[in-house]
Amino acid sequence: MKYKDYYAALGVKREASADEIKKAYRKLAQKFHPDVTKDPAGEEKFKEIAEAYQTLKDPEKRAAYDQLGTGFQPGQDFRPPPDWEQQFRQRAGNGADSFSFDDLDLADLFESLRGHARGGRSRASSMQFPGEDYEATVHLRLEDAHRGTQAELQLDGRKITARIPKGASDGMRLRLRGQGGKGVNGGRDGDLFLNVALHPHPLFRPAGHDLYLDLPLTPWEAALGATVEVPTLDGAVNLKVPPNTTAGRKLRLARKGLAKAGGGEGDLFAIVQIVNPTVLNERERELFRQLAEQSKFDPRAHFAGEGSDG
Amino acid sequence: MADPDVVFLETHTRVTVVEVARCSGFSEEMVRELVDYGALDAQDDMLPGACVGRLRVAARLAGDLELETPAVALVLRYLERIESLEDEVRRLHAQITAPRR
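And the structure:
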């Protein structure tokens, strides 16, 4: 068993009062709670804090912990006093032969102390307990969310294949009934809750079930109008670009977005970008020159009179 | 094809208060209390599926941070607000065009 310094985890002295321990825990828990902090190290830190508090807030468990003394370094392997092992063996009753401190970690030790001392769940109980609910984040490709897919997940070292029907979008949650932990003594199985996160796609940017796509056009396509081929999640379609289309304009392709769970689809919006060629041959340059001479168009007309010189 | 055991928890999915309580880790009584606080919007004893995820977060926070009911109600309101802001950020991001080289 590895020794852990619960007082250090909470940043309090060994002689701290119950109130000081509670205050220290609340302060740290608010800071490191995994549902509050975005820090990926927060979860591990919170577990340490919570484990320390579970033992130190209970006078009985704290007294038992204090009996271990101060002679250990955190992480150091240690064995509790010999009379403890005997006591626990007696409390454990049936199956005591297999009872050993070697199988326990410090948190289990104090948890079992509480269980036996207060008549908690005992081994022989035939009471029904529901299985634990699991929660995990599943990362999906846009195409897979659109069509439905199977996702492989690692939960508590167990491999789970979750079937994800079509209709997922970024940030959405799913409930998979009965796919959590197994129930005990005929209790119902827990559920699996999944948070969906979509991988970035090189072309499509999702918002709910709508998708956004950059649509680069040449200046002449934008000016004269054109029919262009546009990719969608279900293959390319033709899009009619009207004449005099300006940059930034959103051309809507109805129901070409992500599939929705209840049927139907979101829309696809093609955002117009006007792209001029970076390399011009002499003939092209000449045509642009002619256009420059002919055109009266001034895209900066609205600057007039707005400058700092007034 | 559709699997009744796999449900998207969306705003328009309706879930009974009893089922929401079971999914969230709160008691049915607590869920009803949160409805009374106006933190949850129940109609005919049904709640929108989207509240389940928020309730699960709130239940974890309530347990770990020893929160009282009014604080839980406040957490729920803020979580809902964060989610709607995140949706908005996602939509705005999606509309930012990438520069062409």
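Protein chains in written order, with our numbering: chain P, 20 to 329; chain A, 1039 to 1139. Cβ atoms here follow ideal geometry from the backbone N, Cα and C, with glycine treated the same way.
Just to confirm, are residue i and residue j a CB contact at a threshold of 7 Å?
{"i": "residue 304/P", "j": "residue 288/P", "result": "no"}
{"i": "residue 87/P", "j": "residue 81/P", "result": "no"}
{"i": "residue 1084/A", "j": "residue 1051/A", "result": "no"}
{"i": "residue 251/P", "j": "residue 275/P", "result": "yes"}
{"i": "residue 30/P", "j": "residue 43/P", "result": "yes"}
{"i": "residue 264/P", "j": "residue 291/P", "result": "yes"}
{"i": "residue 1077/A", "j": "residue 1049/A", "result": "no"}
{"i": "residue 1094/A", "j": "residue 1122/A", "result": "no"}
{"i": "residue 194/P", "j": "residue 1117/A", "result": "no"}
{"i": "residue 33/P", "j": "residue 26/P", "result": "yes"}
{"i": "residue 229/P", "j": "residue 1135/A", "result": "no"}
{"i": "residue 243/P", "j": "residue 261/P", "result": "no"}
{"i": "residue 181/P", "j": "residue 170/P", "result": "yes"}
{"i": "residue 1066/A", "j": "residue 1073/A", "result": "no"}
{"i": "residue 148/P", "j": "residue 215/P", "result": "no"}
{"i": "residue 161/P", "j": "residue 65/P", "result": "no"}
{"i": "residue 248/P", "j": "residue 241/P", "result": "no"}
Distance cutoff 7 Å, beta carbons only. Does residue i sit that close to anything in chain A?
{"i": "residue 292/P", "result": "yes"}
{"i": "residue 195/P", "result": "yes"}
{"i": "residue 283/P", "result": "no"}
{"i": "residue 226/P", "result": "yes"}
{"i": "residue 208/P", "result": "no"}
{"i": "residue 218/P", "result": "no"}
{"i": "residue 186/P", "result": "yes"}
{"i": "residue 280/P", "result": "yes"}
{"i": "residue 139/P", "result": "Reliability fails at residue 139/P, whose pLDDT of 44 lies under 50, so the model's placement of it is uncertain and no value is given."}
{"i": "residue 136/P", "result": "With a pLDDT of 46 at residue 136/P, under the threshold of 50, the modelled position of this residue cannot be trusted, and the question is left open."}
Can you check whether the C-beta of residue i is within less than 7 Å of a C-beta belonging to chain P?
{"i": "residue 1058/A", "result": "no"}
{"i": "residue 1054/A", "result": "no"}
{"i": "residue 1105/A", "result": "no"}
{"i": "residue 1095/A", "result": "yes"}
{"i": "residue 1133/A", "result": "yes"}
{"i": "residue 1091/A", "result": "yes"}
{"i": "residue 1129/A", "result": "yes"}
Just the chain A side, please: which residues come within less than 8 Å of residue i by C-beta, in chain order?
{"i": "residue 90/P", "result": "Residues of chain A passing the Cβ test: none, with the nearest at roughly 31 Å."}
{"i": "residue 191/P", "result": "1046, 1047 and 1048"}
{"i": "residue 49/P", "result": "1103"}
{"i": "residue 154/P", "result": "1094"}
Looking only at its own chain, which residues have a Cβ that is under 6 Å from the Cβ of residue i, when we skip the five neighbours before and after it?
{"i": "residue 1110/A", "result": "1096 and 1100"}
{"i": "residue 189/P", "result": "217 and 225"}
{"i": "residue 67/P", "result": "28"}
{"i": "residue 273/P", "result": "286"}
{"i": "residue 319/P", "result": "none"}
{"i": "residue 322/P", "result": "none"}
In its own chain, which residues sit with a C-beta less than 7 Å from the C-beta of residue i, not counting the 5 before and 5 after it?
{"i": "residue 167/P", "result": "183, 184 and 185"}
{"i": "residue 49/P", "result": "55"}
{"i": "residue 39/P", "result": "31"}
{"i": "residue 199/P", "result": "150, 151, 152, 153, 208, 209, 210 and 211"}
{"i": "residue 278/P", "result": "165, 185, 186 and 284"}
{"i": "residue 1064/A", "result": "1093 and 1097"}
If the cut is a Cβ gap below 8 Å, which residues of chain P does residue i touch?
{"i": "residue 1125/A", "result": "190, 226 and 227"}
Mind pulling the chain A residues with CB within less than 9 Å of residue i?
{"i": "residue 43/P", "result": "Ordered by position in chain A, no residue passes the 9 Å Cβ test against residue 43/P, which lies about 13 Å from the chain."}
{"i": "residue 182/P", "result": "1041 and 1044"}
{"i": "residue 148/P", "result": "Simply none; closest approach about 14 Å."}
{"i": "residue 212/P", "result": "1047, 1061, 1090, 1091 and 1094"}
Mind listing the chain P neighbours of residue i? Cutoff is C-beta to C-beta under 7 Å, in chain order.
{"i": "residue 1098/A", "result": "54"}
Taking Cβ-Cβ distances shorter than 9 Å, what residues in chain P pair up with residue i?
{"i": "residue 1115/A", "result": "Chain P residues near residue 1115/A: none, gap ~15 Å exceeds 9 Å."}
Among residues of its own chain, excluding the 5 on either side of residue i, which ones have a beta-carbon nearer than 8 Å to its beta-carbon?
{"i": "residue 97/P", "result": "20, 21, 22, 87 and 91"}
{"i": "residue 1115/A", "result": "1077"}
{"i": "residue 37/P", "result": "76 and 78"}
{"i": "residue 1071/A", "result": "1107"}
Using a Cβ cut-off of 7 Å, pull out every chain A residue sitting near residue i, in sequence order please.
{"i": "residue 69/P", "result": "1102"}
{"i": "residue 316/P", "result": "Chain A residues near residue 316/P: none, gap ~22 Å exceeds 7 Å."}
- Considering only residues of the stretch 146-225 of chain P, which uninterrupted alpha helix (DSSP H) runs meet the minimum length of 4 residues and lie entirely inside it, listed in chain order? The alpha helix (DSSP H) runs lying completely inside the stretch 146-225 of chain P and spanning 4 residues or more are 161-166, given in chain order.
- Message: Please give the ranges of any beta strand (DSSP E) in the stretch 1062-1115 of chain A, keeping only runs that are unbroken, at least 3 residues long and fully inside the region.
- Response: Entirely contained in the stretch 1062-1115 of chain A, the beta strand (DSSP E) runs reaching 3 residues are, in chain order, 1084-1086.
- Query: Curious, which full-length beta strand (DSSP E) runs of at least 3 residues does the stretch 255-320 of chain P contain?
  - Reply: Complete beta strand (DSSP E) runs here, min 3: 256-260, 269-272 and 287-293.
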